[in-house]
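The structure under discussion appears below in the form of structure tokens.
2 protein chains.
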Amino acid sequence: MQYAFADRVKSLKPSAIREILKFTSQPGYIPFSAGNPAPEAFPAADIARLSADLFQKRPIDALQYSITEGYAPLREHLTAYMKEKHHVGRDFDNILITSGANQVMELTAKVLCNEGDMVICENPSFIGSLNAFRSYGLRLRGVEMEADGMDMESLEQALREEKRARFIYTIPNFQNPTGVTMSLEKRRRLYELAKRYGVLILEDNPYGDTRFAGEDLPCVKSLDEDGLVVYCGSFSKVMAPGMRVGYAIAPGEVFSKLVVCKQVVDVHTNIWAQIIAHRFMTECDYDGHLKKNQVLYGQKARFTMELMDRHLGPWVSYQPIEGGLFLWCRLPGGVDMQAFCKEAVNRKVATVPGSAFLMDEGQPCQCFRINYSTPTDAQIQQGMEILGGLVRETCAR
Amino acid sequence: MQYAFADRVKSLKPSAIREILKFTSQPGYIPFSAGNPAPEAFPAADIARLSADLFQKRPIDALQYSITEGYAPLREHLTAYMKEKHHVGRDFDNILITSGANQVMELTAKVLCNEGDMVICENPSFIGSLNAFRSYGLRLRGVEMEADGMDMESLEQALREEKRARFIYTIPNFQNPTGVTMSLEKRRRLYELAKRYGVLILEDNPYGDTRFAGEDLPCVKSLDEDGLVVYCGSFSKVMAPGMRVGYAIAPGEVFSKLVVCKQVVDVHTNIWAQIIAHRFMTECDYDGHLKKNQVLYGQKARFTMELMDRHLGPWVSYQPIEGGLFLWCRLPGGVDMQAFCKEAVNRKVATVPGSAFLMDEGQPCQCFRINYSTPTDAQIQQGMEILGGLVRETCAR
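Chains as they are written, first to last, in this note's numbering: chain A, 217 to 613; chain B, 217 to 613.
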């Protein structure tokens, strides 16, 4: 049988990260390539206890069909929590519980864009989202990242030039892969530009609650007086990713379309996971849990950065991070980044070549991404020594 | 803000069933409109025990990110089980675990069809699947249902006429909503026609294991020598729908595209649910559980059909069922079906107007759908009395 596939998926490739992840999940590899939260950060004992209690007292609630919008108590609690803690969500907004945050990107692309429409993205950006957009045949236009977020001149130019731009995709906090946090000034400017050009914003915030240094900045959604922002939250980095629970806070009209499209994908999100998320937020010390994890991530990130400085400096540069799971590392000009990452894998250290995150993977790129939350401290130590050796060999040539 | 939505979703309406379900989940309504499996059929105690054991011994496995294809032990076990029990799956096939079965329909439409392509469907058919196809801007062509499945003459005519037909969608066992099971002869004919016209088959089999009378017929997929059939299975009717676990067994090339597209929707299916499904199948008496549920469904279905005969006969006709969750009930000509269903809701009995399942909801329809697995026996008794009263009033006029 000769299979003919839809145009939209013909050119779609498996995510380079997940392919590398599969390869390097073999024992013996140091998994700097992963994006897993640290397992010691999971509230496993609380989840076990809540789950046992749920199955003892209300098993049918955890097993029967539920409604597409999501588990009502979780929706209500999250709505109040996000309003109080982050000033996110107004009367015109509504909340949808999704099967992980990536579903928000996929559904937003599906409801807002016709094939050939444009999404304006930070360049580089998270490949899972980029591929979600690509899977609807959308064109991606990249706006270069600076140390404080997107280059606003380029963004405005893109908005001026692109008549079919439908939304701007941003990860304002500890962006994946660059680790960059957008300044307050740029958040305001982003919102103004979106308003002026009548283009929506998709704000993806999986890492906001991992901040271990510095001060929180207001979400772009907190500025949203006009119903321009779809906000995407996730429990993957603050509770457990295997549960696959995320959410969208979106203007009512957009919300309604997201619901209809979610209905035909998976009817609703696993209800056990939704109930556990709700009970964990309301019956356990949720803010204390976040705080504890921030301390853990801070220690681990600082440990990694110290080893980076010791073994890879002065050849490899990076912007120090205050949260998130990733370091974006730049090799000196003249070094072949792809060859470097390949040789690192030969030495059993897996990183992600930076080009995987570009709008156009064929463009030159001197960067690679390091994740510090998956490997153990011993692996980080060993991995940095190996990378350091490789860097010295490569750069001292 | 004036929102502009994608063409594909502009005309997409929320599923009539789920809207009715929302309305009638208020206490006091008799929920013949639902599609929930009977809660007493859930293996709640086993799931509670397996879940507690899992969180005690391997909590991280149940909480960390996993791979898109699905939990490897579940994939391996299901592959062997489906091969042995149903002769489903060959060397060229591969298995993908999905977040419920509807995801298989949504992904299959996404990977196989461009906008404007055609899906040939049984008419009437399951609205969740129809809306999944509609959500990609696909045209649906209905083939009328007979007592032993699709009208094969009309199917061939459709295949002859429609150059952009991409696949044929069928629920061969206890079809939703008609309850019809396709004869073996028609299964063979369907396969031959698909082969001759080079069109794939999407075989959706959520109800096969609910058979409480008669003999199992071979799956269409068991005839698949040529890689023409995407088979879709589900745990929703045989374990618990709130877990949202389904699967596709598809030819390798199609499987690969399904994986890439699933990756951008939800990365992977809730891993706790996948592990529990695997352990329930392998550590508990799975076939004994199916058998027990078949007895339960048989009793409940026969009870419902007896009451139908007593209270709604001779005015309302239906084809007796041997499995599945639904009865397809036909009102006499001249009776306004929509008005009938509306008045039933006024009397606190919710059914689903049959037109919801048509390719073209505007076509005339004399049928409505009854679900017998959600209401209690007392509700069935009371509901049939109320419907009976309404039928007598309406038909004796």
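A virtual CB, placed ideally from N, CA and C, is assigned to each residue, including glycine.
Since this is a predicted model, take the numbers as computed values, not measurements.
Within 10 angstroms of the Cβ of residue i, are there 16 or more other Cβ atoms? Answer buried if so, exposed if not.
{"i": "Lys516/B", "result": "buried"}
{"i": "Asn562/B", "result": "exposed"}
{"i": "Asp576/A", "result": "exposed"}
{"i": "Arg403/B", "result": "buried"}
{"i": "Ala493/B", "result": "buried"}
{"i": "Arg380/B", "result": "exposed"}
{"i": "Ala555/A", "result": "exposed"}
{"i": "Ala619/A", "result": "With chain A running from 217 to 613 in the structure shown, residue 619/A is simply not present."}
{"i": "Val511/A", "result": "exposed"}
{"i": "Ser282/B", "result": "buried"}
{"i": "Thr485/B", "result": "buried"}
{"i": "Pro243/B", "result": "exposed"}
{"i": "Lys507/A", "result": "exposed"}
{"i": "Asp307/A", "result": "exposed"}
{"i": "Ile276/B", "result": "exposed"}
{"i": "Pro536/A", "result": "exposed"}
{"i": "Lys301/B", "result": "exposed"}
{"i": "Lys478/A", "result": "buried"}
CA-CA distance, residue i and residue j?
{"i": "Arg427/B", "j": "Met455/B", "result": "15 Å"}
{"i": "Ala250/A", "j": "His303/B", "result": "38 Å"}
{"i": "Val565/B", "j": "Gly604/B", "result": "11 Å"}
{"i": "Gly539/A", "j": "Thr394/A", "result": "11 Å"}
{"i": "Asp367/B", "j": "Gln218/A", "result": "27 Å"}
{"i": "Pro388/A", "j": "Ala464/A", "result": "16 Å"}
{"i": "Val607/A", "j": "Asp269/A", "result": "52 Å"}
{"i": "Asn200/B", "j": "Ser267/B", "result": "In this structure chain B extends from 217 to 613, so residue 200/B is not present and cannot be described."}
{"i": "Arg518/B", "j": "Met321/B", "result": "31 Å"}
{"i": "Glu408/A", "j": "Ile417/A", "result": "11 Å"}
{"i": "Ile311/A", "j": "Arg291/A", "result": "6 Å"}
{"i": "Thr520/B", "j": "Arg495/A", "result": "39 Å"}
{"i": "Asp223/A", "j": "Val359/B", "result": "27 Å"}
{"i": "Ser589/A", "j": "Gly468/A", "result": "36 Å"}
{"i": "Trp544/B", "j": "Ala348/B", "result": "23 Å"}
{"i": "Gly424/A", "j": "Gln579/A", "result": "30 Å"}
{"i": "Leu354/B", "j": "Val470/A", "result": "22 Å"}
{"i": "Gly305/A", "j": "Tyr287/B", "result": "36 Å"}
{"i": "Leu228/B", "j": "Gln595/A", "result": "51 Å"}
Considering only residues of the same chain and omitting the five flanking positions on each side of residue i, which have a CB-CB separation below 8 Å?
{"i": "Glu378/B", "result": "Met334, Ile336 and Arg357"}
{"i": "Met553/A", "result": "Leu547, Pro569, Gly570, Ser571, Cys581, Gln582, Cys583 and Phe584"}
{"i": "Phe271/A", "result": "Ala278"}
{"i": "Leu433/B", "result": "Pro388, Asn389, Thr397, Met398, Ser399, Leu400 and Arg403"}
{"i": "Asn318/B", "result": "Gly344, Ser345, Ala348 and Gly462"}
{"i": "Gln598/A", "result": "Ile246"}
Residues of chain A with CB under 8 Å from residue i, in chain order?
{"i": "Gly449/B", "result": "Those do not exist, as Gly449/B stays about 15 Å from chain A at its closest Cβ, beyond 8 Å."}
{"i": "Asn252/B", "result": "Gln280 and Tyr281"}
{"i": "Asn330/B", "result": "Ala222, Asp223 and Arg224"}
Who are the Cβ neighbours of residue i in its own chain at under 6 Å, not counting the five residues just before and after it?
{"i": "Asn587/B", "result": "Phe248, Ala250, Gly251, Leu541 and Phe542"}
{"i": "Val620/B", "result": "Here chain B comprises residues numbered 217 to 613, so residue 620/B is not present and cannot be evaluated."}
Quick one: list the residues of chain B neighbouring residue i, beta-carbon separation under 9 Å, in chain order.
{"i": "Asn421/A", "result": "Per Cβ cutoff of 9 Å: no residues; Asn421/A is ~17 Å from chain B at best."}
{"i": "Phe271/A", "result": "Ala260, Ala261, Ile263, Ala264, Arg265, Ser267 and Ala268"}
{"i": "Pro247/A", "result": "Going along chain B, no residue has its Cβ under 9 Å from Pro247/A, so there is no contact; the nearest lies around 11 Å."}
{"i": "Arg460/A", "result": "Ser315, Asp482, Val483, His484, Thr485, Asn486 and Ile487"}
Under 9 Å Cβ-Cβ, which residues of chain A neighbour residue i?
{"i": "Glu469/B", "result": "Met217, Tyr219 and Phe221"}
{"i": "Pro243/B", "result": "Simply none; closest approach about 15 Å."}
So which residues of chain A does residue i contact, with C-beta pairs closer than 7 Å?
{"i": "Leu228/B", "result": "Val476"}
{"i": "Pro255/B", "result": "Ile276 and Gln280"}
{"i": "Pro457/B", "result": "Gln280 and Tyr281"}
Going along the chain, which residues of its own chain have a beta-carbon closer than 7 Å to the beta-carbon of residue i, five neighbours each way excluded?
{"i": "Gly430/A", "result": "Glu538"}
{"i": "Glu372/A", "result": "Leu409"}
So residue i contacts chain B; which residues on that side make the cut at Cβ distance below 8 Å?
{"i": "Ala560/A", "result": "Under the 8 Å cutoff, chain B gives no residues; its nearest Cβ is about 22 Å from Ala560/A."}
Handout entry: Chain-ordered residues of the segment 279-304 of chain B with a beta carbon less than 7 Å from chain A
Key = Within the segment 279-304 of chain B, the qualifying residues are Leu279, Gln280, Tyr281, Ser282, Ile283 and Thr284.
Problem - Contact residues within the segment 315-328 of chain A, judged by C-beta distance below 8 Å to chain B - result: Cβ contacts with chain B come from Ser315, Gly316, Asn318, Gln319, Met321, Glu322, Lys326, Val327 and Leu328.
Handout entry: Against chain B: residues of the segment 371-388 of chain A by CB proximity under 9 Å
Key = Per Cβ criterion, the list reads Arg382.
Handout entry: Within 8 Å of chain A by C-beta, residues of the segment 473-505 of chain B in sequence order
Key = Residues passing the 8 Å Cβ filter: Lys473, Val475, Val476, Cys477, Gln479, Val480, Val481, Asp482, Val483, His484, Thr485, Asn486, Ile487, Trp488 and Ala489.
Problem - Residues of the segment 336-354 of chain B with Cβ closer than 7 Å to any Cβ of chain A, in chain order - result: Taking 7 Å as the Cβ-Cβ cut-off against chain A, the residues of the segment 336-354 of chain B that qualify are Gly344, Asn347, Ala348 and Ser351.
Problem - Members of the segment 435-448 of chain B near chain A, C-beta cut-off 9 Å - result: Those would be Asp442, Gly443 and Leu444, in chain order.
Practice task
Can you give me, in chain order, the residues of the segment 590-601 of chain B that have a beta carbon less than 8 Å from any beta carbon in chain A?
Solution key: Listed by position along the chain: nothing, the set is empty.
Exercise for the section: Report the residues of the segment 528-542 of chain A with a CB closer than 8 Å to any CB of chain B, ordered along the chain. Expected result: Answer set for the segment 528-542 of chain A: empty.
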